[in-house]
Amino acid sequence: MSMLACVILLLLLIFGTLFAAILDTAIPAWIAGQSGANPLTTPFRRCAQFLAVQRLTTERPDMLNWLLAPAAYLILAGIGLGVVPLSEGLVFIDLQTGLVLWGACEALTVVVVFLHGWSANAPFPLIGAYRYVAIGLPAMLVSMFVVIGVALPAQSLSVSAAVEAQRGLWNIVKQPLGLPLFMLLGLSLTLRGPFDYADPFDLAAGTSAEDSGPLRASWRFARLAMLVSFSTMAATLFLGGHHGPGLPGPLWLALKAAGVMTILVALGHVIARTTPSRMLTLLWVLFLPLSFLDLIIAGVESLP
Amino acid sequence: MAMRWLSRLAAADAVPVFPVVGENGLAAAENLFLDPRLRPVPSPRHARVLLVLGETGQTLNRQLRRLHDQLSHPRATLWCDAVPDPDFGRATESSDTADAVVEAYRSMFAGAMDTEPDIHPNEPPNEWRGKGTNGQGGDGMMGGTPYGRPMAMTDDDLRDGLQLDAYSATFGPFLPAFPPGLALDITLQGDSIQAVSVSHPPFRQETDHSRTGSLRNLARLLRVLGVPALAARFIAAARKLEDGGTIDLDVLARAFDWSGAMHIIPSDLGSFGGEGRDVRSRVRAWLNIARGRQEPAPLGQPALSFVDLVKGLEWYEAVIVLNSFDNNALRNLCPVENTDDQTEEAPQ
Amino acid sequence: MIHTDLLFYALSTIAIVSGWRVFRTDSMVRASFLLMSSFIAVGLIMLLLAAPYIGIATVFMMAVEMMVMALFMVMFMMNPAGLNPMQMVHQHRLSIIAGIVAFAALALAILFSDLPQDPVAPGKPGVADLGFELLGNSMLIFETAGVTLLATMVGTVVLSSRSGRFGGADEGSRPPGLEPGGEPAGRKPEEKAGGDMHQCHGPGRQHSEKQQDGDEQ
């Protein structure tokens, strides 16, 4: 059972990452109105180009943490993916408190991004790192309340129970505020678009400014893997997970996750990024009360 | 064998280029990157080719050589419309710059061309210096100044009384987020700017006050705001206009609205004092000029100096403010200071 | 079960070793994150003890707390990466004595007390029981503790913030006058000296540009 789950998860991760990389090339090219490079081959060529060049270091970096950060990011994405039930009774990490484990993964992602910026010992990466912490932590708070809202009708903290509770009606219908707010977190976890305070252009690629060579490949791969993991989790919590007529459970899950991924990548390339102080105000004054509202709606609905 | 296969695959990729824009080179650079075979990268560490477009001048020679060494191997330098430095790189004609870049990139991976060697030695610029055998036992509890850098100390703050560690450095002159050529000596506390002075003004560019100029200014701002795909669309529209074609400005304006760029810029940012002189009104003016509804007008006498405009802002806000002026206005704003030879190396 | 024993020993080793490294490393940011790994190992041990919620919640909380601690170190500390060869610890003898005494006392307490021996029945819904306890018998404790903590945090920020009620807090703010432009009621704050605590740490911000002179290679 667990072996099958492991294999399916690895397949999901690899093909999902590839799909995400293809989207990341195709969608900006479509927005820019250019017939750019072939999106199907670009991910492989880009990866080869990263791996084939030299890795430079800065003057006194924290080398251990610099190499550890992308690996840890990837492991967190893997754990986040591992809690997701792939079909009836098929879960890799079967934990009673799977939702809290997902929250722990989110919190550790903030730590990992900070370490990535801190270890380069350069000004731009460091600024990107602590700017991201200031915004990533409240974004995580918003998502935690939304996830609690999902746990309420399931009457349990395990992800399998959350999927079971959606057998009749998906959570996106029952708790309409949940998925949009959760998508905000997705943008923040994967450092995209309006929440990309860690690797932005105005900081000359922020925490990745001093990366070169294979380190860039690992960081980029980890970001895409986290995108896959987040999309699968969003599909599980709000779109009914593996429920669906006809096709087997994992296939439905993959399709739903692909849909969420497309929306996230598109949002990331279309919406502009506001200043950090404004974003903080938005998070604390607008999105957090909205998440409370979502929690109240979920609670009222779960009353017997 | 695997390395060879990897190199062949890598050679087929789009070339990551770090553009160094000199005098009158900005429009050429923007047009160049519409080619899908090249992609501009924000950091020199990510680049394989250093492309100098336009004359950068002798005073910035030292910074340019340092920048060259920051690219990782394999690297190549190409000079376009500029007198090449004899130590590195080679000149190329402006008509086929993209082809030359691609050819240089591919020959590096094919092994036909060697990577360019370092100009400076790969050592720390200052020796590690402290008291005692292991550097301990300095004044009080501190052990000297390793690598010539003073300890980070907290300092008085402008905004809210939070005394944070202060960091002083020169930013620019080839920072992609800044207007090309602008070098600022900034003291940062966290990411808010405490003190700023101009050490090199931006290069002169052929400003075009008409619709295409406004489109290019908008594209630059959009790039800073984190939507480079939309920025590329604006540049493509500007080039099409320059070539004499027609474009649908309503589509562009709608895309601009959907990205929320106007709303996310804080109101009253970078304001000269008085109504209608902040970033939002300048951006709105650019949009109107692009649509032909307004004639371009000069900025008028600034009520604030450059330093007062940027001081106290957070880094991202400052970059937005700097990119909200067109080239002429910014050059008029910047006090032309004597180039200080004692500035620290540009940590771009 | 042999594999839970091995897992327990491995996690305990990680917890102890990373806890020791917290005090031996010079980089303060590394120290925060080593402390975080120590706590994560302990949280995972709690998973083995059939307390899944507390275990994962420990991991969650410690990640956020150590992150904020590391951030504060970068903001305020003079040597957060340990790159300067300064003495990062003080009062050696007192701390060694205190450490040995604490270790001896805790070891004695553990060795000579009767640890309970009631294993949890497998399959017992621990999380549901925890929920009933939190919002049933122990609700008063947890809710008042939560609200008190929140009030403390708000109060700390208000007290340390510079903007006082009638002006800047470091300017000796005074309430408005009894008549317009007149003297305020109550006592006047006396003129006090600056009192910048950081004067003892040497001159303030040093312009690094001057120090970097002569670095032509």
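Chains as they are written, first to last, in our numbering: chain A, 603 to 906; chain B, 1134 to 1481; chain C, 102 to 318. Think of the CB as a built atom: it goes at the ideal place given N, C-alpha and C, for glycine as much as any other residue.
Rounded C-alpha distance that separates residue i from residue j
i, j, result
"serine 1438/B", "leucine 1466/B", "7 Å"
"aspartate 297/C", "glycine 1323/B", "Because aspartate 297/C sits at a pLDDT of 45, beneath the cut-off of 50, its placement in the model cannot be relied upon, and the following sentence gives the value as read from the coordinates. Using only the alpha carbons, I get a separation of about 20 Å."
"phenylalanine 1151/B", "arginine 1208/B", "11 Å"
"alanine 631/A", "alanine 164/C", "38 Å"
"serine 904/A", "leucine 754/A", "7 Å"
"leucine 150/C", "methionine 179/C", "41 Å"
"arginine 1137/B", "leucine 1165/B", "30 Å"
"serine 1416/B", "proline 1361/B", "Going by the sequence as given, residue 1416/B is valine instead of serine. Each residue's Cα considered, the two are about 17 Å apart."
"glycine 295/C", "histidine 191/C", "Note on glycine 295/C: pLDDT 48, under 50, position unreliable in the model; no value is reported."
"valine 902/A", "leucine 236/C", "18 Å"
"threonine 1303/B", "glutamine 1191/B", "18 Å"
"leucine 620/A", "phenylalanine 177/C", "42 Å"
"isoleucine 616/A", "glycine 770/A", "31 Å"
"alanine 1394/B", "glycine 870/A", "14 Å"
"histidine 845/A", "alanine 807/A", "40 Å"
"alanine 1180/B", "methionine 1241/B", "13 Å"
"glutamine 218/C", "valine 258/C", "46 Å"
"histidine 1253/B", "leucine 739/A", "42 Å"
"valine 1154/B", "leucine 251/C", "52 Å"
"leucine 897/A", "leucine 779/A", "9 Å"
"phenylalanine 889/A", "leucine 895/A", "10 Å"
"leucine 658/A", "methionine 1134/B", "24 Å"
"glutamate 1477/B", "valine 130/C", "For glutamate 1477/B, the pLDDT reaches just 41, beneath the cut-off of 50, and the residue's location in the model is therefore unreliable, although a value from the coordinates is still provided. Glutamate 1477/B and valine 130/C: Cα-Cα distance of roughly 27 Å."
"serine 214/C", "serine 262/C", "48 Å"
Under 8 Å from the C-beta of residue i: neighbouring residues of chain C
i, result
"glycine 1323/B", "Met176"
"phenylalanine 716/A", "Met168, Ala171 and Leu172"
"leucine 1297/B", "Met176 and Phe177"
Bridge partner(s) assigned by DSSP for residue i
i, result
"phenylalanine 1458/B", "Bridge partners of phenylalanine 1458/B: none, in fact."
"arginine 1199/B", "According to DSSP, arginine 1199/B bridges with nothing at all."
"tyrosine 1300/B", "Leu1321/B"
"alanine 1224/B", "Trp1212/B"
"serine 264/C", "Gly269/C"
"arginine 733/A", "DSSP, once it has assigned bridges, lists no residue as partnering arginine 733/A."
"glutamate 1447/B", "Ser1325/B"
"glutamate 1188/B", "Glu1156/B"
"threonine 1287/B", "Asp1298/B"
Nearest-angstrom beta carbon gap, residue j and residue i [assumed within contact, 8 Å]
i, j, result
"valine 887/A", "alanine 859/A", "With a Cβ gap of about 32 Å, valine 887/A and alanine 859/A do not count as contacting."
"glycine 730/A", "proline 802/A", "7 Å"
"alanine 182/C", "asparagine 723/A", "7 Å"
"threonine 765/A", "proline 687/A", "Here residue 765/A is valine; the residue named in the question, threonine, does not match the sequence. That pair is a contact at about 5 Å."
"valine 1412/B", "leucine 1420/B", "Valine 1412/B to leucine 1420/B, Cβ: 13 Å. No contact."
"proline 727/A", "tyrosine 1300/B", "Not quite, the Cβ-Cβ distance comes to about 13 Å (not below 8 Å), so this is no contact."
"leucine 787/A", "glycine 684/A", "So it is not a contact: roughly 19 Å between Cβ atoms."
"leucine 892/A", "valine 752/A", "Not a contact, Cβ separation roughly 15 Å."
Per-residue contacts from residue i into chain A (C-beta, under 9 Å)
i, result
"leucine 1416/B", "For the sequence presented, residue 1416/B should be read as valine rather than leucine. Under the 9 Å cutoff, chain A gives no residues; its nearest Cβ is about 11 Å from valine 1416/B."
"arginine 1366/B", "Ile633, Ala634, Gly635 and Gln636"
"glycine 1445/B", "Those do not exist, as glycine 1445/B stays about 12 Å from chain A at its closest Cβ, beyond 9 Å."
Contacts of residue i in chain B (Cβ-Cβ under 8 Å)
i, result
"leucine 786/A", "In chain order: nothing, as chain B lies at least about 14 Å away."
"alanine 874/A", "Leu1355, Leu1358, Gly1359, Val1360, Ser1392, Gly1393, Ala1394 and Ile1397"
Amino acids of chain A, ordered along the chain, whose beta-carbon sits closer than 7 Å to that of residue i
i, result
"proline 153/C", "Leu697, Gln698 and Thr699"
Chain B residues whose Cβ lies nearer than 7 Å to that of residue i
i, result
"methionine 179/C", "Met1284, Ala1285 and Met1286"
"glutamate 766/A", "The premise fails here: glutamate 766/A is roughly 38 Å from chain B at the closest Cβ pair, so nothing lies under 7 Å."
7 Å Cβ cut-off: residues of chain C touching residue i
i, result
"arginine 662/A", "Leu184"
"tryptophan 720/A", "Val130"
Contacts that residue i makes with chain A (C-beta to C-beta distance below 8 Å)
i, result
"isoleucine 1252/B", "Within chain A, no residue comes near isoleucine 1252/B; the closest Cβ sits about 15 Å away, beyond 8 Å."
"tryptophan 1448/B", "Ile729, Asp804 and Leu805"
"alanine 164/C", "Ala706, Ala709, Leu710, Val712 and Val713"
"valine 1357/B", "Phe803 and Asp804"
Chain C contact residues for residue i, given Cβ-Cβ distances below 9 Å
i, result
"valine 735/A", "Met168, Val169, Ala171 and Leu172"
**Prompt:** Using 8 Å as the threshold, is the stretch 1240-1253 of chain B in touch with the stretch 1199-1215 of chain B, meaning 3 or more CB pairs across them?
**Reply:** Taking a cut-off of 8 Å for Cβ pairs, the stretch 1240-1253 of chain B and the stretch 1199-1215 of chain B touch, as three or more such pairs fall below it.
**At least three beta-carbon pairs within less than 8 Å, the stretch 1285-1296 of chain B to the stretch 163-173 of chain C** = Below 8 Å, too few C-beta pairs join the stretch 1285-1296 of chain B and the stretch 163-173 of chain C to call them touching: fewer than three.
**Prompt:** At a cut of 8 Å, does the stretch 149-161 of chain C reach the stretch 694-712 of chain A through at least three beta carbon pairs?
**Reply:** Between the stretch 149-161 of chain C and the stretch 694-712 of chain A there are three or more C-beta pairs closer than 8 Å, enough to call the two in contact.
**Stretch pair the stretch 1339-1351 of chain B + the stretch 1307-1319 of chain B: three plus CB contacts closer than 8 Å** = Note that the stretch 1339-1351 of chain B does not touch the stretch 1307-1319 of chain B; fewer than 3 beta-carbon pairs, one per stretch, sit closer than 8 Å.
**Request:** State whether the stretch 785-797 of chain A contacts the stretch 1142-1149 of chain B, with contact taken as three or more CB pairs (one from each stretch) at a distance under 8 Å.
**Result:** By the Cβ criterion, the stretch 785-797 of chain A is not in contact with the stretch 1142-1149 of chain B, since fewer than three pairs of Cβ atoms, one from each stretch, lie closer than 8 Å.
**Request:** Mind the definition here: the stretch 1362-1375 of chain B touches the stretch 850-865 of chain A only if three or more C-beta pairs lie below 8 Å; say whether that holds.
**Result:** Flag = no, the stretch 1362-1375 of chain B and the stretch 850-865 of chain A do not touch.
**Three CB pairs or more closer than 8 Å across the stretch 659-678 of chain A and the stretch 803-822 of chain A** = Yes: at least three Cβ pairs fall under 8 Å.
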